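Here the structure comes first, spelled out in structure tokens, and everything after it is commentary.
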Amino acid sequence: MQRLVGGELDTYDLEKRYFKKDGSLVWVLLTVSVVRRPGGEPRFFMVQIQDISRRKAAEADQRWLAALVESMDDALVGLDPLGRVLSWNPGAERLYGYSAQEMVGQSNERLVPAGRKDRVREALRGAPASESVFHFDEQRLRKDGTVVDVAMTAARVRDAAGETIGWSLVVRDVTEANRTRAALARQLEVQDSTARELSRAKVLLEATFAHIGDGVALLDAQRRILLANDAYGELLSLPSARHEGLGFEEFARHLQGMVANPEEVADALAPPVEPLRTRTTDFLRLVPTKRWLRRAMTPIESGGEWLYLVVWRDVTAERDLIAEREREISTDELTGIPNRRAAQARAREVLGDSKPVCIALLDIDHFKRVNDAHGHTAGDEVLRRVAAALAGQARGTDLVARWGGEEFIAILSSDLAGATAFCERALQAVAGLVLPEVGSITISAGVSLLEGEFEQTLEQADGALYEAKAKGRNRVVTA
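Offset between the sequence shown (1-based) and this note's numbering: plus 1055.
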């Protein structure tokens, strides 16, 4: 402040936290400017206060996400549509031996062992555009020339228009786990049905299971648990005393009491249809622990009897990371409400719905004048305030999104009368906004009933919006 008074500065910014009336904290940006007399003496000060809590929260979220990526044990690799590496986390450096500097910009095929085709790339090239997440068991080449077995989850990354702009790969080294499974399978194949040999196998399996992070169990032909490791009980909330001998029906009832969708349990626990084929189930969400689990079940023939090796894996971190990326690309960065991509996705969901659905386009009147007269910072604040006002009028079944520029879209689960009422409330809410720097603002709206294709309904709503503008703005017109 002294430098401002002394003439060294004409303005300065300061970020601070204050208590609101309700006791909550709010981040603000203080911009202090001085207006001087002809002689240079301060005449008065101007203070602008801007709420930056959303930006601060977004910055914190970004730091959290970056820390998650950096601390992951698994490799996280970002690819462009041609398979070139865009990002390479420390987990990838540990798994493959290459630094990020060595790999960014290089083709992912560098990691494919000589003489092998990149089956993952071929599968992703031919994958239907409607599918977003894929799982592969593959082999990859390390920098030192060794080959590792990996379990890979590939998630499609889309732009705002829904087009594929790359892939996010979560890769885990399963070499030791595969060796263990192979060793178990070989051991079980040479065991006969005598109690002594089964006991020896049990000792071997228990010793091996203790060093596996995944939950592993061996089941008999009736799918009763013969033995299981501690991780199996921890993942599925089973006391260790209840592991051995637990029957299929009892285990199924136990699992139904834990998962978010109990009807999924029967299908998830079904054995492989074909012998010697592993059956993988994605995903079961546990309610008490909020974990996501993936289950793989492999049949093993031993002495003329079928046994099953079951592996449960905690894939919560993979799911959370994928969900976070999905939220990022479906949210408008400026306003914090859903973006055009999210609106297009919702439109695809409601097409063919038996209940009436309406599309409303809402546009800020004379928005260009706001930018011209007050600058883009003020214009951005108007967009944020209007977005919040519109979202505040929506019900749980409605979606309000930023369509582009100063235009918003509402996908409303109601008939024309209900949609018109929503728009009228939205007009009143926006007209009531207090914007000291800009003054009052208004919006216009066009509404159409979704009866055919989304694009056709959108054109009708746009025509109604054009009519509302032509009739003087600050009004609602139905198509």
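All C-beta atoms in this analysis are idealised placements derived from N, C-alpha and C, irrespective of residue type, glycine included.
Please read these numbers as outputs of a predicted model, since none were measured by experiment.
Asked, Found
"Just the C-alpha distance for LEU1406 and PHE1509, rounded to the nearest angstrom, thanks.", "8 Å"
"Going straight from the alpha carbon of ARG1236 to that of VAL1271, what length do you get?", "10 Å"
"Does GLN1515 pass the burial test, meaning 16 or more other C-beta atoms within 10 Å, or should it be called exposed?", "buried"
"Do you know offhand how far GLU1304's Cα is from LEU1274's?", "13 Å"
"At the level of alpha carbons, what is the spacing between ARG1450 and GLY1487?", "20 Å"
"Quickly, what does DSSP pair GLY1272 with across the bridge? List them, please.", "In the sequence as displayed, the identity of residue 1272 is Ala instead of Gly. DSSP, once it has assigned bridges, lists ALA1283 and VAL1365 as partnering ALA1272."
"How do the stretch 1417-1424 and the stretch 1456-1463 stand: do at least 3 beta-carbon pairs fall below 8 Å, yes or no?", "yes"
"Can you check which of these residues, TYR1363, ALA1130, LEU1454 and GLY1062, is closest to THR1386 by C-alpha distance?", "LEU1454"
"Within the stretch 1449-1496, note down every full beta strand (DSSP E) run reaching 3 residues or more, in order along the chain.", "1454-1459 and 1462-1467"
"Under the assumption that GLY1501 contacts GLY1527 (Cβ atoms under 8 Å), give the Cβ distance between them as a whole number of angstroms.", "Actually they do not touch by this definition, with Cβ atoms about 14 Å apart."
"Considering GLU1381, what are the terminal residues of the beta strand (DSSP E) in which it resides?", "That residue, GLU1381, is in no beta strand (DSSP E); its alpha helix (DSSP H) goes 1371-1384."
"Between the stretch 1148-1158 and the stretch 1178-1191, are three or more C-beta pairs nearer than 8 Å?", "no"
"Quick check: the Cα distance between ALA1534 and SER1495, rounded to an integer number of angstroms?", "27 Å"
"Could you spell out the range, first to last residue, of the beta strand (DSSP E) harbouring SER1133?", "As written in the sequence, residue 1133 is Gly, which differs from the Ser given in the question. From DSSP, the beta strand (DSSP E) with GLY1133 extends over 1130-1134."
"Would VAL1175 and ALA1209 be called neighbours here (beta carbons separated by less than 8 Å)?", "yes"
"Which residue from THR1390, GLY1434 and PHE1099 puts its Cα closest to that of SER1108?", "THR1390"
"Enumerate in chain order the residues of its own chain whose CB-to-CB distance from LYS1071 is below 8 Å, with the five nearest sequence positions on each side excluded.", "TRP1082, VAL1083 and LEU1085"
"May I have the straight-line CA-CA distance separating LYS1198 from THR1432, to the nearest angstrom?", "49 Å"
"May I have the straight-line CA-CA distance separating PHE1306 from ILE1280, to the nearest angstrom?", "9 Å"
"Specify, as a first and last residue, the run of the beta strand (DSSP E) that GLU1070 falls within.", "1066-1074"
"What does DSSP give as the partner residue(s) for PHE1099 in the beta ladder?", "VAL1090"
"DSSP on PRO1145, reduced to helix/strand/coil?", "helix"
"Using 8 Å as the threshold, is the C-beta distance between ILE1392 and ALA1465 below it?", "no"
"Determine the contact status of GLY1507 and ALA1484, defining contact as a CB-CB distance below 8 Å.", "no"
"For the alpha helix (DSSP H) holding VAL1225, just list the boundary residues, first then last.", "VAL1225 -> not in any alpha helix (DSSP H); beta strand (DSSP E) instead, spanning 1219-1228."
"The alpha helix (DSSP H) that contains GLN1156, what's its start and end?", "1155-1158"
"Using the Cα positions of LEU1293 and ARG1350, report the straight-line distance between them to the nearest angstrom.", "16 Å"
"Would ALA1122 be called buried (16 or more neighbouring beta carbons within 10 Å of its own) or exposed?", "The pLDDT assigned to ALA1122 is 48, lower than 50, so where the model puts this residue is not dependable, and the model offers no usable value."
"DSSP puts PHE1191 in a beta bridge; with which residues?", "MET1207"
"Do you know offhand how far ARG1180's Cα is from LEU1166's?", "18 Å"
"From the DSSP output, which residues share a beta bridge with THR1054?", "An answer regarding residue 1054 cannot be provided, because it is not within the stretch 1056 to 1534 covered by the chain."
"Are there 16 or more other CB atoms within 10 angstroms of the CB of VAL1102, so buried, or fewer, so exposed?", "exposed"
"Tell me which same chain residues have a C-beta within less than 6 Å of the C-beta of ARG1278, skipping the five on either side of it?", "PHE1303"
"I'd like to confirm the pairing. Which residues does DSSP put opposite GLY1501 in its beta bridges?", "LEU1416 and VAL1532"
"Give the DSSP bridge partners of VAL1081, in chain order.", "TYR1073"
"Taking Cβ to Cβ, would you say VAL1203 is nearer than 8 Å to VAL1132?", "no"
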